[in-house]
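Protein chains in written order, with this note's numbering: chain A, 48 to 186; chain B, 48 to 186; chain C, 48 to 186; chain D, 48 to 186. Glycine is no exception: its CB is placed at the ideal position from the N, C-alpha and C atoms. Model, not experiment: these values are computed from the prediction. Working notes, beginning with the structure itself.
There are 4 protein chains.
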Amino acid sequence: MSIAELDAFIDREFPQVHVDGRIYAIEDLSSGQAVVSITPQERHLRPGGTVSGPTQMTLADLAAYIVILAHIGPVGLAVTTHQSINFLRKPEPGELIATCSLLKLGKRLAVTECGIRSRGSEELVSHATATYSIPPRES
Amino acid sequence: MSIAELDAFIDREFPQVHVDGRIYAIEDLSSGQAVVSITPQERHLRPGGTVSGPTQMTLADLAAYIVILAHIGPVGLAVTTHQSINFLRKPEPGELIATCSLLKLGKRLAVTECGIRSRGSEELVSHATATYSIPPRES
Amino acid sequence: MSIAELDAFIDREFPQVHVDGRIYAIEDLSSGQAVVSITPQERHLRPGGTVSGPTQMTLADLAAYIVILAHIGPVGLAVTTHQSINFLRKPEPGELIATCSLLKLGKRLAVTECGIRSRGSEELVSHATATYSIPPRES
Amino acid sequence: MSIAELDAFIDREFPQVHVDGRIYAIEDLSSGQAVVSITPQERHLRPGGTVSGPTQMTLADLAAYIVILAHIGPVGLAVTTHQSINFLRKPEPGELIATCSLLKLGKRLAVTECGIRSRGSEELVSHATATYSIPPRES
């Protein structure tokens with residue numbers, strides 16, 4: 048699927064993604080990888096102006112969902128079965144970029160790895176892995 | 048700390064917890080355990096009316112933070128270093144209850160386990176573990 | 048399956064389990080739970096006489112496999128897709144007991160939780176979760 | 048530390064690593080990364096000739112320990128506090144290569160990521176992350 052097709056699919060199937068406005072953006076798609084950004088709002092910050100852990104987990108989950116959809120097509124029923132995240136450094140209060148790669152895309156399971164950085168920084172802010180259960184293809 | 052003391056601490060240190068109104072409630076505190084609930088809003092739901100994974104992760108993270116604070120006192124700087132969650136069943140769109148236990152409370156690290164259920168149900172909806180880094184006590 | 052049936056199945060399908068002699072024992076089976084012990088050997092210890100992390104991971108993996116088999120019957124092809132373990136305290140060099148519970152037993156996935164303690168101690172030494180992929184039942 | 052210094056340190060501090068002979072080898076060290084291999088023995092295999100999950104976990108744990116030691120020097124007391132591993136594909140019965148990178152090297156915690164492949168293959172067999180607790184440097 049293209050970025051435009053994914054955006055359209057998410058608008059249609061997951062309008063909740065945009066409940067706070069269009070703060071998430073699919074920045075790039077390539078073979079086995081997706082890059083997704085978030086522009087945090089006040090609600091996503093923590094004292095000292097860092098971006099909250101749950102905001103990072105949400106971004107990682109969305110980026111994983113997007114890289115899977117991009118490769119298997121619009122399967123609304125793909126569901127997260129596991130997510131694990133290591134918080135490495137407190138990010139600046141600005142934009143975060145998640146670079147998410149497919150470690151495995153099987154018939155029943157997909158496994159992804161996601162590195163999150165502040166826009167313009169090389170340093171990892173957090174690192175997540177996720178497993179998605181994929182419904183039978185014919186559905 | 049008591050429930051009232053924890054509520055007051057969170058109001059003061061983490062007003063963002065209540066950005067969507069008072070949807071989280073500390074329902075019980077006992078030795079090594081805390082019970083925290085969320086009353087989801089439209090923004091926390093997914094198609095079909097289930098509660099989103101990130102909402103469950105956020106609840107588990109808050110419950111872990113609360114059980115740790117309840118035992119070490121108000122240490123605003125305790126930070127999550129790792130969270131892992133297994134999504135087991137799609138919950139009903141109603142209230143979720145997180146029962147969070149301390150597996151370890153060390154000088155530098157605390158490890159918690161959290162089971163999430165729908166209000167009134169025995170079945171686990173999800174199961175999370177988290178690790179918190181605890182700042183030197185004198186701070 | 049009974050303890051005797053499980054022992055026989057493992058002897059037949061996984062003789063490697065006993066490569067170091069009969070150091071693992073299924074101590075108890077009940078609804079949704081299995082208790083499995085290990086009697087560590089020199090090779091399983093670390094300086095200071097503690098039991099190694101990989102030994103604990105191996106015990107947790109075996110206990111998870113056993114509780115699943117006990118409930119779905121002899122399915123040699125059930126495979127671990129994910130394991131996560133938190134090491135909480137250094138155990139004594141003696142026997143370890145893993146108490147493993149089914150968090151979910153679905154058609155395609157089983158999720159287990161496992162607490163490891165030293166024989167005779169209440170304190171958790173480590174805590175593990177695992178996910179197993181279950182082959183189609185007809186196989 | 049150099050490969051020779053690490054080999055000597057492990058021989059001295061962790062002779063158990065070689066309990067089955069010299070099946071582990073540090074193949075490469077570079078900034079933030081270590082490459083460690085295992086030549087599995089019969090005991091490490093499973094029916095069908097694949098390498099067991101616990102063998103892969105043990106390799107990932109050793110490789111993480113080595114990349115940390117290589118950067119902080121010989122600190123025998125660094126201990127694993129958490130390990131998570133996703134099993135992606137059944138490996139061939141031959142050598143496995145773990146490429147382990149430092150995601151974070153802090154004062155108190157180090158976090159590593161480890162990809163395991165069969166010798167000569169590009170495909171990931173498994174992917175692990177681990178957290179180590181680092182003792183105060185003066186020790």
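For this session: Provide the residue span of the alpha helix (DSSP H) that contains residue 113(C), from first to last.
Result: One-based indexing of the third sequence puts residue 113(C) at position 66. Unbroken alpha helix (DSSP H) run through residue 113(C): 100-119.
Problem set entry | Identified DSSP bridge partners for residue 61(C) | The count along the third sequence starts at 1 and reaches residue 61(C) at position 14. Paired residue(s): none; residue 61(C) is not in a bridge.
Problem set entry | chain D within 9 Å of residue 60(C), Cβ atoms only | Residue mapping note: residue 60(C) aligns to position 13 of the third sequence, counting from 1. So yes, residue 60(C) belongs to the interface.
Exercise. Using a Cβ-Cβ distance under 9 Å, would residue 156(D) count as near chain B?
Worked result: Working through the fourth sequence from its first residue, we reach residue 156(D) at position 109. Output row for residue 156(D): interface = yes.
For this session: Taking only the alpha-carbon atoms, compute the straight-line gap between residue 170(B) and residue 159(C) and give it to the nearest angstrom.
Result: In the second sequence, counting from the first residue as 1, residue 170(B) sits at position 123. In the third sequence, counting from the first residue as 1, residue 159(C) sits at position 112. C-alpha separation (whole angstroms): 14 Å.
For this session: Return the Cβ separation of residue 66(C) and residue 113(C) in integer angstroms, given the expectation that the two are a contact with Cβ distance under 8 Å.
Result: Along the third sequence, read from residue 1 onward, the residue named residue 66(C) stands at position 19. Along the third sequence, read from residue 1 onward, the residue named residue 113(C) stands at position 66. Actually they are not in contact, since the Cβ atoms of residue 66(C) and residue 113(C) sit about 17 Å apart, beyond 8 Å.
For this session: Sort 136(A), 181(A) and 120(A) by Cα distance to residue 56(A) and report the nearest one.
Result: Position 9 of the first sequence, counting from 1, holds the residue named residue 56(A). Selected option, being the one with the closest Cα: 120(A).
For this session: Leaving out five residues on either side along the sequence, give the residues of the same chain with a beta carbon under 6 Å from the beta carbon of residue 147(D).
Result: Counting from one through the fourth sequence, the residue named residue 147(D) turns up at place 100. Excluding sequence neighbours, residue 147(D) sits near 81, 110, 111, 114, 159 and 161.
Exercise. Is the Cβ of residue 131(B) closer than 9 Å to any Cβ of chain C?
Worked result: In the second sequence, the residue the question calls residue 131(B) occupies position 84. Cβ-Cβ to chain C under 9 Å: yes for residue 131(B).
Exercise. Chain B beta carbons: is any one of them nearer than 9 Å to that of residue 67(A)?
Worked result: To locate residue 67(A), count along the first sequence from 1; it is residue 20. True, the Cβ-Cβ gap to chain B drops below 9 Å.
Exercise. Are the C-beta atoms of residue 148(D) and some chain B residue less than 9 Å apart?
Worked result: Your numbering for residue 148(D) matches position 101 in the fourth sequence. Residue 148(D) does not count as touching chain B.
For this session: Just the chain D side, please: which residues come within less than 7 Å of residue 137(A) by C-beta, in chain order?
Result: Working through the first sequence from its first residue, we reach residue 137(A) at position 90. Simply none; closest approach about 12 Å.
For this session: Would you kindly report the start and end of the unbroken beta strand (DSSP E) that includes residue 129(A)?
Result: Taking the first residue of the first sequence as position 1, residue 129(A) is located at position 82. Here the beta strand (DSSP E) through residue 129(A) covers 126-134.
Problem set entry | Under 8 Å by beta carbon: chain C residues contacting residue 178(A) | On the first sequence, position 131 is the one that residue 178(A) refers to. In chain order: 128, 129 and 178.
Exercise. Where does residue 67(C) sit, in a helix, a strand or coil, going by DSSP?
Worked result: Within the third sequence, the letter at position 20 stands for residue 67(C). Correct three-state label for residue 67(C): coil.
For this session: Report the residues of the segment 73-100 of chain D with a CB closer than 9 Å to any CB of chain C, ordered along the chain.
Result: 89, 90, 91, 92, 93, 94, 99 and 100
Problem set entry | CA nearest to the CA of residue 168(B), picked from 48(B), 144(B) and 178(B) | Start at 1 with the first residue of the second sequence, and residue 168(B) comes out as number 121. The candidate whose alpha carbon is nearest that of residue 168(B) is 144(B).
Exercise. Shorter than 9 Å from the beta carbon of residue 56(D) to some beta carbon of chain C?
Worked result: What you label residue 56(D) is simply residue 9 of the fourth sequence in a count that begins at 1. It does not: the Cβ of residue 56(D) has no partner Cβ on chain C nearer than 9 Å.
Exercise. Looking at the structure shown, is residue 90(D) part of a helix, part of a strand, or coil, going by DSSP?
Worked result: Here residue 90(D) is taken as the residue at index 43 of the fourth sequence, counted from 1. Residue 90(D): helix per DSSP, three-state reduction.
Exercise. So, helix, strand or coil for residue 56(A), using DSSP?
Worked result: Translated into the one-based positions of the first sequence, residue 56(A) becomes position 9. Helix at residue 56(A).
Problem set entry | Short CB-CB distance (under 9 Å) between residue 181(B) and chain C | For this step, residue 181(B) is matched to residue 134 along the second sequence. By this cut-off, residue 181(B) is not an interface position.
Exercise. With a Cβ-Cβ cutoff of 9 Å, do residue 103(C) and residue 50(C) count as a contact?
Worked result: The residue labelled residue 103(C) in the question sits at position 56 within the third sequence. The residue labelled residue 50(C) in the question sits at position 3 within the third sequence. No, the pair does not count as a contact, with Cβ atoms beyond the cut-off.
Problem set entry | residue 174(C): contacting residues in chain B (beta-carbon distance under 8 Å) | Against the third sequence, residue 174(C) aligns to sequence position 127. In chain order: 150, 158, 160 and 176.
Exercise. When DSSP labels each residue in this structure, what does residue 50(C) get in the three-state scheme?
Worked result: One-based indexing of the third sequence puts residue 50(C) at position 3. Helix.
Problem set entry | Residues near residue 87(D) by beta carbon distance below 8 Å, same chain, minus five either side | Position 40 of the fourth sequence, counted from the first residue, corresponds to residue 87(D). So the qualifying residues of the chain are 70, 98, 102, 140, 141, 142 and 143.
For this session: Can you pull the chain D residues whose beta carbon is under 8 Å from the beta carbon of residue 171(A), in chain order?
Result: By one-based count along the first sequence, residue 171(A) stands at place 124. What residue 171(A) touches in chain D: 150 and 151.
For this session: Check the C-beta distance from residue 90(D) over to residue 63(C) and give it rounded, since I have them as a contact under 8 Å.
Result: Mapped onto the fourth sequence, residue 90(D) falls at position 43. Mapped onto the third sequence, residue 63(C) falls at position 16. The Cβ separation is near 6 Å, so the contact holds.
Problem set entry | Neighbourhood of residue 155(D) by C-beta, 8 Å cutoff - its chain only, sequence neighbours within 5 removed | Position 108 of the fourth sequence, counted from the first residue, corresponds to residue 155(D). So the qualifying residues of the chain are 180 and 181.
For this session: Taking only the alpha-carbon atoms, compute the straight-line gap between residue 76(C) and residue 126(C) and give it to the nearest angstrom.
Result: Indexing the third sequence from 1 puts residue 76(C) at position 29. Indexing the third sequence from 1 puts residue 126(C) at position 79. Roughly 21 Å separates the two Cα atoms.
Exercise. Expressed to the nearest angstrom, what Euclidean distance is found between the alpha-carbon atoms of residue 172(A) and residue 149(D)?
Worked result: Locating residue 172(A) in the first sequence gives position 125, counting from the first residue. Locating residue 149(D) in the fourth sequence gives position 102, counting from the first residue. Going by the C-alpha atoms only, they are around 13 Å apart.
Exercise. Using the beta-carbon count (16 or more within 10 Å), is residue 100(A) buried or exposed?
Worked result: In the first sequence, counting from the first residue as 1, residue 100(A) sits at position 53. It is buried - the Cβ of residue 100(A) has at least 16 other Cβ atoms within 10 Å.
For this session: Check whether the Cβ of residue 104(B) lies closer than 9 Å to any Cβ atom in chain A.
Result: For the purposes of this step, residue 104(B) is taken as residue 57 along the second sequence, with counting starting at 1. With 9 Å as the cut-off, residue 104(B) counts as an interface residue toward chain A.
Exercise. Which residues bound the beta strand (DSSP E) around residue 164(B)?
Worked result: Against the second sequence, residue 164(B) aligns to sequence position 117. First-last of the beta strand (DSSP E) with residue 164(B): 156-165.
Problem set entry | Endpoints, beta strand (DSSP E) assigned at residue 168(A) | By 1-based counting over the first sequence, the position of residue 168(A) is 121. Here residue 168(A) belongs to no beta strand (DSSP E), and DSSP marks it neither H nor E.
Problem set entry | Inter-residue Cα distance where the pair is residue 48(D) and residue 85(D) | As a first step, residue 48(D) is located in the fourth sequence; it is residue number 1 there, counting from the start. As a first step, residue 85(D) is located in the fourth sequence; it is residue number 38 there, counting from the start. When rounded, the distance between both Cα atoms is 21 Å.
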